[in-house]
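In terms of mature numbering (1 follows the signal peptide of the UniProt record, and there is no 0), the sequence shown is residues -21 to -1, 1 to 96. Reviewing the structure listed below.
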Amino acid sequence: MLRYVGFSSLPLLLTSALAFANPAGAAGDYPTATIVDYVLGCMQTNGQTRQALENCSCSIDVIASILPFEDYERAETFKSMSLTTGERSGLFRESAPAKAASTELKRAQAEADVRCF
């Protein structure tokens, strides 16, 4: 039996369809600026080609499916702060939370490399 789907149920259907179409959205909802920043940096390293765009987009999707955004953000913060100079920058390289966040991000990136490149 065919059922009528009214306009009131359309947003729910679209949301459900997008969740299945975009596993990264279901995994963590990374902000668009973060995704674009990652893809641009990845493309700068891997070439400015259409294939690099597809591989890099795949890579951030895989990372997002493994790491919640808060964990990704934490790891990226430790990573950028560890590049600073001075006595206190060692805290961002040597501390247990910094090492754990770095290991978690590297694991997700390795999985993304296997799946996407």
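Using N, Cα and C, we set each Cβ at its ideal position, and we do this for glycine too. Please read all numbers here as calculations on a predicted model, not as lab measurements.
**Asked** Quick one: what does DSSP say L70 is sitting in, helix, strand or coil?
**Response** Translated into positions along the sequence shown, residue 70 becomes position 91. The answer is helix: DSSP assigns L70 an H, G or I state.
**Prompt:** When the Cα atoms are used, what is the spatial distance from residue 110 to S38?
**Reply:** Only positions -21 to 96 of the chain appear in this structure, which leaves residue 110 out of reach.
**Item:** Neighbourhood of R94 by C-beta distance below 6 Å, restricted to the same chain and skipping five residues each side
**Value:** Reading the sequence shown from its first residue, position 115 is the one you call residue 94. Contacts found: V41.
**Request:** Output the distance between the C-alpha atoms of E66 and F57, rounded to the nearest integer angstrom.
**Result:** In the sequence shown, residue 66 corresponds to position 87, counting from 1. In the sequence shown, residue 57 corresponds to position 78, counting from 1. The C-alpha of F57 is placed about 15 Å away from the C-alpha of E66.
**Asked** Once you ignore the five residues that flank Q88 on each side, which residues in its own chain have a CB closer than 8 Å to its CB?
**Response** The sequence position of residue 88 within the sequence shown is 109, counting from 1. Closer than 8 Å at Cβ, skipping near neighbours: S38, I42.
**Message:** In chain order, what are the residue ranges of uninterrupted alpha helix (DSSP H) at least 4 long that sit wholly in the region 7 to 83?
**Reply:** DSSP runs (the alpha helix (DSSP H)) wholly in the region 7 to 83: 11 to 25, 29 to 45, 48 to 61, 68 to 73.
**Request:** Would you kindly work out how many angstroms separate the C-alpha atoms of V15 and A79, rounded to a whole number?
**Result:** Position 36 of the sequence shown, counted from the start, is the residue given in the question as residue 15. Position 100 of the sequence shown, counted from the start, is the residue given in the question as residue 79. Their backbone Cα atoms lie some 25 Å apart in a straight line.
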